[in-house]
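Shown next, in structure tokens, is the structure this report addresses.
Residue numbers (the numbering used here), protein chains in the order written: chain G, 545 to 758; chain E, 953 to 1193.
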């Protein structure tokens, strides 16, 4: 059924974009939080601006890059799910980076010295700082996922909303609404909300389980 | 006694300003040296530098006869252990907190358990092993923090006003316990405090830092009777009697 295919694609694309954003954002945000280098504040303000990037603008820029005539046109990714993953990663990565930096900056700065003073290597220190900030870090992940599962502008522009190929829940909702199929659009919206709720519930459960175990 | 630490012409700068200047300081193995001085005098900076957590602008610190710059940083840091004014425990159980430094060193779980077991008995926190750090009182947390430092059996123990935030009875009890432990263990320690009585009770010698400069090093009696200069005399007069 089409609805399962759309839902499955939405989940796959947004989950993958969130994971890639975490792989980029966690180390980058940590570097920004712990570093004391020139230009750090400028980078942080750029990241903070990036957290509020309008998805439609991201969609336009990524589309221009991926168009056949664009610099990455040879990759032939435009109007494929990979294009949506790229655009959603551009949206989520600053969110994860910025919230990671904020989470680590909120820890007592002497904690780093204490960990080093107990003989931690740099990597051990970072690992235990992540561990101390695990709740806000999981919240960063949730915020990143929330930003991409709910966006429509970027998916529409780089994916093209092609039935059976790049149609995701949000683009399907827009299409059904424009066709006047309000009931179907509402059903899809409810589905999107339920999925988002279940995923957040699962992450919250992981969060609380981690807290109990530690 | 051979020197564990030899400091010569050590200078620390912050924003271009000299915040610590120690011409010469030698700490024999097994000695407890207490560093006293007014707020912002550079006491904590000295400890952080000795822990290799701050890099000197110039001068040299020798540990076991070898300059700090020649030590592998991690190897050196693992010979030292630091206790801050705030216990800075991690969000985990007391047992995990105390064993953390040993875990960093890759020791097997059984050995960690045994060593933690010994030190929780010595510091009277055995009954707290399963508790989480957030459930401890200030005194309990600081005892755990001391156990976490002692369990590493460091060659050099650095204590930065560890009892400053505690109420007087808890402070006295902890000071007695620490004093006994340092005497029993013959461990080399540098202890920072505001309190000269605390310093006299705990240490072999006292160093007085005023305005970033180590003005005098001697016994409590020497310092009280013969202050090296006016700044030391003025600092002593400001202390509560």
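Just so it is clear, CB atoms sit at the ideal spot from N, CA and C, and this is done for glycine as well.
The DSSP-derived three-state label of residue 1084 (chain E) is strand. Within the segment 1044-1060 of chain E, those residues whose Cβ lies closer than 7 Å to any Cβ of chain G are, in chain order, 1044, 1052, 1053, 1056, 1057. Neighbours of residue 1003 (chain E) in chain G, taken as residues whose beta carbon is under 7 Å from its own, are 661 in chain order. Think of a sphere of 7 Å around the beta carbon of residue 1070 (chain E): no beta carbon from chain G falls inside it, the nearest being about 18 Å out. With fewer than 16 other beta carbons inside 10 angstroms of its own, residue 671 (chain G) counts as exposed. Interface annotation, residue 1033 (chain E): in contact with chain G, CB-CB separation under 8 Å. Residue 731 (chain G) and residue 1117 (chain E) have their C-alpha atoms roughly 59 Å apart. A distance below 8 Å separates the beta carbons of residue 592 (chain G) and residue 642 (chain G).
In the DSSP assignment, residue 599 (chain G) falls within the alpha helix (DSSP H) that extends over 599-610. Take the alpha-carbon of residue 1039 (chain E) and the one of residue 967 (chain E): they are about 29 Å apart.
Under the 10 Å beta carbon count, residue 545 (chain G) is surrounded by fewer than 16 other beta carbons and is classified as exposed. Residue range 1165-1170 is occupied by the beta strand (DSSP E) that includes residue 1168 (chain E). At a cut-off of 8 Å between beta carbons, residue 1073 (chain E) makes no contact with chain G. For the segment 626-656 of chain G, residues whose beta-carbon sits nearer than 7 Å to a beta-carbon of chain E comprise 652, 654, 655. In terms of beta-carbon proximity, residue 1030 (chain E) lines the interface with chain G, with at least one pair separated by less than 8 Å. In this chain, the beta strand (DSSP E) harbouring residue 958 (chain E) covers 955-966.
Within the model, the alpha-carbon separation for residue 695 (chain G) versus residue 714 (chain G) is close to 7 Å.
The beta strand (DSSP E) runs of length 3 or more contained entirely in the segment 1005-1034 of chain E are, from start to end of the chain, 1010-1015. Pairing residue 661 (chain G) with residue 1127 (chain E), the inter-Cα distance amounts to about 22 Å. The beta-carbon of residue 1036 (chain E) is placed less than 8 Å from the nearest beta-carbon of chain G. Contact annotation: residue 1029 (chain E) and residue 1003 (chain E) have beta-carbon atoms nearer than 8 Å. Under the rule that a run must span 4 or more residues, the alpha helix (DSSP H) segments found entirely inside the segment 639-723 of chain G read 654-661, 666-676, 678-693, 697-703, 713-722. Here residue 1157 (chain E) is bridged, per DSSP, to E:985.
Among the residues facing chain G, residue 1098 (chain E) is not included, as its CB has no counterpart in that chain under 8 Å away.
Remark: three or more beta-carbon pairs, one from each stretch, lie closer than 8 Å, so the segment 1098-1107 of chain E and the segment 1055-1075 of chain E are flagged as touching.
Assigned with DSSP and collapsed to three states, residue 546 (chain G) falls in helix.
If you draw a straight line from the Cα of residue 635 (chain G) to the Cα of residue 1112 (chain E), it is about 45 Å long. Residue contact with chain E for residue 725 (chain G): absent (no Cβ-Cβ distance below 8 Å to any residue of chain E).
Only those residues of the segment 667-700 of chain G whose C-beta falls short of 7 Å from the nearest C-beta of chain E are listed: 668, 672, 676. When Cβ pairs closer than 8 Å are counted between the two stretches, the segment 1142-1150 of chain E is seen to touch the segment 971-991 of chain E, the count reaching three or more.
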